[in-house]
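Chains as they are written, first to last, in our numbering: chain A, 76 to 328; chain B, 76 to 328; chain C, 76 to 328; chain D, 76 to 328.
The C-beta atom is built at its ideal place from N, Cα and C for all residues, glycine as well.
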């Protein structure tokens, strides 16, 4: 395999589909949201994307069988006005050039389905434990920025300061060149831990934007579990000097 | 040389061949088994595989001559129902993309010979000295898993936790996409030392699976030598605090 | 996107254009000069250059919109004898091979516009705070060296000792192979801080060479601000032992 | 520039040419020998080899002009039976794949000139100061090994242990696949310092092998200078404990 290879099922007919991307990243926020949606909505897998830009690795599953690392595209036929395409996966590209190639491939698919809007989901790591549920936004045109503000998405000048790196950022940037509306929703998170609470915050906003209902029970339970862990970490912290407290959490999640 | 290049002898006729892969890896378990089989069975070299994805390196041999690092394919015509192809080599690919390309090339060869099953051999490093002879398995379909269990191969849910990385893993993953049955046999090993004892354990299982006999004398002797070294290391250990004992062995093998 | 991609406006007619390159580098000297010229001269953007050799990153702008990292080419129609092309950007190539490819693409553009001379701008980091305004030069033929000396550009045998690495160096080297005159102007700078003062020194020489006037107010103000910061750093230094003084500034800029 | 590019003069007619390679490496032994030969023999440059696999760098020369890093091929018409091609350069490839590509290009040239033998020159770093003049050999067939032994070249089983890495090794390995005789002559050297004395030892053997005379004055002077430096280092050493002595020289050359 020397090229990115896509295995497809029969192409479904989708009405005005929206593409939601949730690949692994900071706090696994995007991945948690997108995988939760696939599960709760019962979306159907329509593509498997393999690439030499992913690590040369197979995942061993519960039953002893393996599968090659990949990205997957799911389709969800809604009762509302617009259907969904949901992109999830084991890895993002392992190389810079691979990011450009893979995001180009994702947008070829988006164009094939005449996707008019993309929601790229991710986390924004701020380096300390986060109390509030904040969703930061970025978009590839100003109309989208205005719309998102009405849904409670926050915009901060020049934030994230280092820009948005990886698949989510590149999807927005390359979409602009193809004239596709694209939005990045970033759950503010510590960056130290897998963060289902931040994922919940992103999912709430996304559900409003998409005008759909998604049961949040499973995500909520994972958030509760994680909050207990964080509470314990905080207790441990309080026994220490405040200066070193953040340092100690850095390598946990 | 800008592409992977294969030098071939006249193509042998093989009946229902099985491909055994034993490239260098954890504890050199796979390499030890495959090279031992080539030696003991008197298998004949039928291909040399050179690639810019290997390091730019030649090996200096005993007599002062050199040879370019490469992988090699050997053929063994058995008296039983199925012949063998055995893949050995100096290196695996030095890059991610190279792994995909080379494993693709190996599977092109497998298809050319109508190989129906692949045994990818390797070691599974557990980070401490191992007493028992355990062979862990993974396979690219559930029928194979069931069959292997009958031969004493162990399967543990989600183990190895990091998946299987490199040629062995990729051979399984890419085989699945081509509809070829493939199995990974991993000798449990410390990961610190070259491990002929673990190789013996793998070879025993493999011989049963292939229904062939392979003299184990040479491998057994190497295992004995290594056991003496390990025994000495253990003695050294006992003079120390148990906490640091493993640490001291880490950079030996 | 698997190739470098150039978006163009209608091609302007330019008389005997000179190409000025100011991509990010040591002290951001070249970037400061080139961006200042674009601003002050009101040059018009005629090309956007995107490439998989840039990082997979978008920049978040003040208004919450993003743009994909890129290089940009601006054109300035002067009242004098020669028009200008000015190359600026967010990044240089992230890989060695990418540098060769991108500089090749820049020179294709230069040839398309029949550019006869290139000024590549940069900084030369000397590892300590710099008092004087020195502009070091290098050129791809001896006639240019002689001409530049008359404009106060300094030449020092075998300096910079490590050669000139990256886009500026490569533009000179590859230009020579295409028979295009090219000059590198390097503002001597500490290398620790963004250096608008060094940028001013380079701009003064460049204006004389191009026989144009560029208002330096904005750059001068930034230089004053930076001088205040440097003065504070010096004060901090004086409270310390002279040996360690430079060390302490090393990771600030 | 996205490919290796070769600039050529008119092709000279050479009788039974021998290719001598001396690119930068351990102790710069090969480079010192090959550049010395070009100088003393008055060999003529017939090719410049540029490549995106070299670093993106220009070298600033004494007069302020630059030149792009490259490899160069020189031709020497001897009065004896065989002419010489001498390969020198600023860098070896910066990537693994580049080594394979460039050595392939060198061998294309060798075949074009019907070169029948290649001498690849290098240093063999042993990690401590070396008193004796030893030249270690390796060759791509056993006849060459026997011949070299008669000229005092040493062969040690499996040495260098790590094989020969880079252009010299790869030239031998790839030559074998093309049926070209190739020899590697390695001057034993500390590996810490540029080593003109080791270069002299290699040159002496090479002159005997080629049956030519090369004035060694210049190389001898450089060796004397370096010996003074080494003597000083030894004095410094003697004031210290013998255990740490080698360590202290490690980062000088």
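- Using a C-beta cut-off of 8 Å, the stretch 194-204 of chain A makes no contact with the stretch 165-174 of chain A, since fewer than three inter-stretch Cβ pairs fall below that distance.
- By the beta-carbon neighbour count (other beta carbons within 10 angstroms, threshold 16), residue 306(A) is exposed.
- Within 10 angstroms of the beta-carbon of residue 295(D) lie fewer than 16 other beta-carbons, which makes it exposed.
- For residue 97(B), the CB contacts under 6 Å within the same chain, skipping 5 residues up- and downstream, are 105, 106, 108, 109, 163, 196 in chain order.
- When C-alpha distances from residue 150(D) are compared across 284(D), 83(D), 131(D), the shortest belongs to 83(D).
- Counting the other CB atoms within 10 Å of its CB gives residue 140(D) a total of 16 or more, which places it among the buried residues.
- Between the stretch 113-123 of chain B and the stretch 232-243 of chain D there are fewer than three C-beta pairs closer than 8 Å, too few to call the two in contact.
- Listed by position along chain C, the residues whose Cβ is nearer than 7 Å to that of residue 140(D) are 214, 215, 216, 217, 220.
- Each of 253(C), 76(C), 129(C) was checked against the Cα of residue 165(C), and the nearest Cα belongs to 129(C).
- The beta carbon of residue 129(A) does not come within 8 Å of any beta carbon belonging to chain C, so the residue lies off that interface.
- Residue 134(C) reaches chain A at 238, counting residues in chain order whose Cβ is nearer than 7 Å.
- Put simply, the CB of residue 96(B) is far from chain A, with every gap to its CB atoms at 8 Å or more.
- Looking at the backbone, the Cα of residue 153(A) and that of residue 159(A) are separated by about 7 Å.
- Exposed is the label assigned to residue 156(B), since fewer than 16 other Cβ atoms lie within 10 Å of its Cβ.
- Using a CB distance cut-off of 8 Å, residue 262(A) does not count as an interface residue toward chain C.
- Cβ atoms of residue 261(C) and residue 210(C) come within 8 Å of each other, at about 7 Å.
- Residue 272(A) counts as buried, since no fewer than 16 other beta carbons sit within 10 angstroms of its beta carbon.
- By the Cβ criterion, the stretch 239-248 of chain B is not in contact with the stretch 266-280 of chain B, since fewer than three pairs of Cβ atoms, one from each stretch, lie closer than 8 Å.
- With fewer than 16 other Cβ atoms inside 10 Å of its own Cβ, residue 207(A) counts as exposed.
- Chain-ordered, the chain B residues with CB closer than 7 Å to the CB of residue 235(D) read 135.
- The Cβ atoms of residue 214(B) and residue 220(B) lie closer than 8 Å to each other.
- If the five residues before and after residue 77(D) are omitted, its C-beta is found closer than 8 Å to the C-beta atoms of 127, all from its own chain and listed in chain order.
- Between residue 138(D) and residue 212(C), the alpha-carbon positions lie close to 11 Å from each other.
- Put simply, of 188(A), 142(A), 146(A) the residue whose alpha carbon is nearest the alpha carbon of residue 86(A) is 188(A).
- If you draw a straight line from the Cα of residue 146(B) to the Cα of residue 255(B), it is about 21 Å long.
- DSSP places residue 167(C) in no beta strand (DSSP E); its state is neither H nor E.
- Residue contact with chain B for residue 257(A): absent (no Cβ-Cβ distance below 8 Å to any residue of chain B).
- Within the stretch 155-174 of chain B, the residues whose Cβ lies closer than 7 Å to any Cβ of chain A are, in chain order, 171, 172, 174.
- Collapsing the DSSP output to three states places residue 305(C) in a helix.
- DSSP places residue 279(D) inside the alpha helix (DSSP H), whose first and last residues are 271-285.
- By the neighbour-count criterion, in which 16 or more other beta carbons inside 10 Å mark a residue as buried, residue 118(A) falls on the buried side.
- Bounds of the beta strand (DSSP E) holding residue 198(B) are 192-200.
- Spanning the alpha carbons of residue 313(A) and residue 169(D) requires a straight line of approximately 51 Å.
- Within the same chain, Cβ atoms closer than 7 Å to the Cβ of residue 135(B) are found at 141, the five residues on either side in sequence being excluded.
- Between residue 200(D) and residue 266(D) a beta carbon distance of about 2 Å is seen, short of the 8 Å cut, so the two are scored as contacting.
- No Cβ of chain D is located within less than 8 Å of the beta carbon of residue 185(C).
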